[in-house]
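Visitor: Before we start, here is the structure in question, set down as structure tokens.
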Amino acid sequence: MDKEYLIQLTRNLYYLTLLFPKKEPLRYKIRELADEILAEIVSEPNSKEEILKKLEILDSFFEIVKTQNWVSQEDILLLQAEYSKVKENLTSFSNEPKVNDFLNERQKKILEVLREKEKVQVWEIKKIFPEVSKRTLRRDFEKFVRQDLIERLGEGNSTFYKMK
1 MDKEYLIQLT RNLYYLTLLF PKKEPLRYKI RELADEILAE IVSEPNSKEE ILKKLEILDS
61 FFEIVKTQNW VSQEDILLLQ AEYSKVKENL TSFSNEPKVN DFLNERQKKI LEVLREKEKV
121 QVWEIKKIFP EVSKRTLRRD FEKFVRQDLI ERLGEGNSTF YKMK
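At position 5 of the sequence shown the residue is numbered 5 (my numbering), and the sequence of numbers has no breaks.
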């Protein structure tokens, strides 16, 4: 999922909910839920199950809104279809490695090196990226560990990382 796409989708939802009655609780609940979904997908998504639950709740809210005649059916159906695409995108990647779509070029290159070699140390990656500090590289590795893409072996100077 592209970050800009998700931001635009959330923006569209905001525009649509402007047409809801001002004091309507669904107006704010739908917005809050869309904000949470955006935040969890754009930041490191630790739990796809949690995001999928929120997407399911959002879909239920859309069903309620359809019956209220606050906005046109087509507008609701359009948003509902777009959020369904987000849901499909999340579920289709569940069997593949959990690589975040929002990796920078350095992180993509690190994963590429890890796929080629059995295991690597931070200093080996530092040779590839001399302008990047070891601390930044370690943070990249820790991000991958949290995303369950790689595993950490050893401690201190004998720390290695390898693909799961």
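We put the beta carbon where it would ideally sit given N, CA and C, even for glycine.
Computed from a predicted model, the values in this text were never measured in an experiment.
Where do the N-terminal and C-terminal ends of the beta strand (DSSP E) with Leu16 fall, by residue?
Guide: In the DSSP annotation of this structure, Leu16 is not part of any beta strand (DSSP E); the continuous alpha helix (DSSP H) holding it starts and ends at Lys3 to Thr17.
Visitor: Hey, could you find the ends of the alpha helix (DSSP H) Lys108 is sitting in?
Guide: Glu105 to Glu116
Visitor: Looking at Glu36 and Lys48, is the spacing between their C-beta atoms short of 8 Å?
Guide: no
Visitor: Look at Leu18 and Ile64 and say whether their C-beta atoms are less than 8 Å apart.
Guide: It is not a contact, given that the beta carbons lie outside the stated cut-off.
Visitor: Helix, strand or coil for Lys29? Go by DSSP, reduced to three states.
Guide: It is helical.
Visitor: Using beta-carbon positions only, say whether Lys162 and Leu111 come within less than 8 Å of one another.
Guide: no
Visitor: Which residue or residues does DSSP assign as beta-bridge partners of Lys162?
Guide: Glu151
Visitor: Quick check: what's the CA-CA separation for Pro130 versus Gln8?
Guide: 37 Å
Visitor: Does the beta-carbon distance from Leu38 to Leu6 come in below 8 Å?
Guide: yes
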